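Residue numbers (this note's numbering), protein chains in the order written: chain A, 1 to 157; chain B, 1001 to 1157.
For each residue, glycine too, the CB sits at the ideal point set by N, CA and C.
Small disclaimer: the values here were computed from a predicted structure and weren't measured.
Presented below is the structure to which this report refers.
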């Protein structure tokens, strides 16, 4: 397992994401590590990130699945090219679609453990499936379809 | 159009959501108004809630679609019973699944305008479709499947 999170290997221009950017001081700082075939994310919600007292809110769960999924897509794209994540030229994917099934309430005071796996990979898009567990129970399942970053976003950086 | 947001009519126990709870001081305070057939939400992102400089991050878009969708489901459920939102006995729905298609980058410095409409309604579940626009352009489309709040969550309040 790489010690450095996939998100911490993004170039500076792509490191401002509220979900996972290392340069966004107010953000969630979601970190995903790549073990060569899966993205592994651990995230501990703040107490106020609740839906109801004691349970994490759905938007946070969607955010963690989103950033874990895109990071895993990036790592998988590097692997497909036989390169290490973070090497030049930079590969960056964004979310084209996100789906989350909320299976059971997710406790807010426990670490969320996410495993993200490649379901489909092509030059244009990568589909990543993610399982989110807490206390050993699967609480949510998600799917991210990641697409290469569009030129309309590149122009802004 | 009701002047009071649907979320501001939730009873106190259900008003701590980070996305839309009036009692969550650190939360997003998403507000959805009901015009009798649609839920209308306007939300202005903070500058740091970005994916990349200038654009809102996907988790925020998912959060706003989620809270608009569940609020609209609640209002539609009251309507189905011929009652005003907020009247007793309380009706509360939670998100069973969430889907978001990101159509184009959403500016971070403009109001997001969301229209949520009932796609399907039954006693067990309500499906709400939402269009998110910014500057007159549709930037994302979402679908929330809302289910009556499970007893495992009720016990905690």
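Whole angstroms is fine: what's the gap from residue 94 of chain A's alpha carbon to residue 1011 of chain B's? Along the first chain, read from residue 1 onward, the residue named residue 94 of chain A stands at position 94. Along the second chain, read from residue 1 onward, the residue named residue 1011 of chain B stands at position 11. Each residue's CA atom was taken as its position, placing residue 94 of chain A and residue 1011 of chain B some 38 Å apart.
Chain-ordered chain A contacts of residue 1095 of chain B [CB-CB under 7 Å]: Sequence index remark: in the second chain, residue 1095 of chain B carries index 95 (1-based). Residues of chain A passing the Cβ test: 58, 102.
With respect to the beta strand (DSSP E) encompassing residue 1087 of chain B, which residues constitute its N-terminal and C-terminal limits? As a first step, residue 1087 of chain B must be located in the second chain, where it is residue number 87. Here residue 1087 of chain B belongs to no beta strand (DSSP E), and DSSP marks it neither H nor E.
Would you identify the three-state DSSP class for residue 103 of chain A, choosing helix, strand or coil? The sequence position of residue 103 of chain A within the first chain is 103, counting from 1. Assignment of residue 103 of chain A by DSSP, reduced to helix, strand and coil, places it in the coil class.
Report the partner residues of residue 98 of chain A according to the DSSP bridge assignment. Here the question's residue 98 of chain A lines up with position 98 in the first chain. Residue 98 of chain A is bridged by DSSP to A:144, B:1100.
If you run the structure through DSSP and keep just helix, strand and coil, what is residue 1069 of chain B? As a first step, residue 1069 of chain B is located in the second chain; it is residue number 69 there, counting from the start. Helix at residue 1069 of chain B.
Which partner residues does residue 1137 of chain B have in the DSSP bridge list? Position 137 of the second chain, counting from 1, holds the residue named residue 1137 of chain B. BP columns for residue 1137 of chain B point to B:1134.
With a 10 Å radius around its C-beta and 16 neighbouring C-beta atoms as the bar for buried, classify residue 1003 of chain B as buried or exposed. On the second chain, position 3 is the one that residue 1003 of chain B refers to. Burial call: exposed.
Span separating the alpha-carbon of residue 8 of chain A from that of residue 1078 of chain B: As a first step, residue 8 of chain A must be located in the first chain, where it is residue number 8. As a first step, residue 1078 of chain B must be located in the second chain, where it is residue number 78. If you take the alpha carbons of residue 8 of chain A and residue 1078 of chain B, they lie about 47 Å apart.
8 Å Cβ cutoff, residue 1026 of chain B in contact with chain A: As a first step, residue 1026 of chain B must be located in the second chain, where it is residue number 26. By this cut-off, residue 1026 of chain B is an interface position.
When we look at the beta-carbon of residue 19 of chain A and count the other beta-carbons within 10 Å, is it buried (16 or more) or exposed? Here residue 19 of chain A refers to the residue found at position 19 when the first chain is read from its first residue. Within 10 angstroms of the beta-carbon of residue 19 of chain A lie 16 or more other beta-carbons, which makes it buried.
To which residues does DSSP link residue 1093 of chain B through a beta bridge? As a working note, residue 1093 of chain B is residue 93 in the second chain. In the DSSP assignment, residue 1093 of chain B forms a beta bridge with B:1148.
What residues of chain B sit near residue 63 of chain A, judged by a beta carbon separation below 9 Å? What you label residue 63 of chain A is simply residue 63 of the first chain in a count that begins at 1. What residue 63 of chain A touches in chain B: 1057, 1058, 1059, 1060, 1062, 1063.
In the structure shown, what three-state DSSP assignment does residue 1108 of chain B receive? Walking along the second chain from the start, residue 1108 of chain B turns up at place 108. Looking at residue 1108 of chain B - three-state DSSP - the assignment turns out to be coil, as it is neither helix nor strand.
Through-space distance from residue 1148 of chain B to residue 1124 of chain B, alpha-carbon basis: To locate residue 1124 of chain B, count along the second chain from 1; it is residue 124. To locate residue 1148 of chain B, count along the second chain from 1; it is residue 148. One C-alpha to the other measures close to 7 Å.
Are residue 64 of chain A and residue 132 of chain A closer than 8 Å when you measure CB to CB? For the purposes of this step, residue 64 of chain A is taken as the residue at position 64 of the first chain. For the purposes of this step, residue 132 of chain A is taken as the residue at position 132 of the first chain. Their beta carbons are under 8 Å apart, which means residue 64 of chain A touches residue 132 of chain A by this criterion.
Residue 98 of chain A touches chain B at which residues, Cβ-Cβ below 8 Å? By 1-based counting over the first chain, the position of residue 98 of chain A is 98. Residues of chain B passing the Cβ test: 1058, 1062, 1098, 1099, 1100, 1102.
In three-state terms, what does DSSP make of residue 56 of chain A? Against the first chain, residue 56 of chain A aligns to sequence position 56. Looking at residue 56 of chain A - three-state DSSP - the assignment turns out to be strand.
Counting contacts by CB-CB distance shorter than 8 Å, is residue 1110 of chain B in contact with chain A? Taking the second chain and counting its residues from 1, the one referred to as residue 1110 of chain B is at position 110. For residue 1110 of chain B, the answer is no, since every Cβ of chain A falls outside 8 Å of its Cβ.
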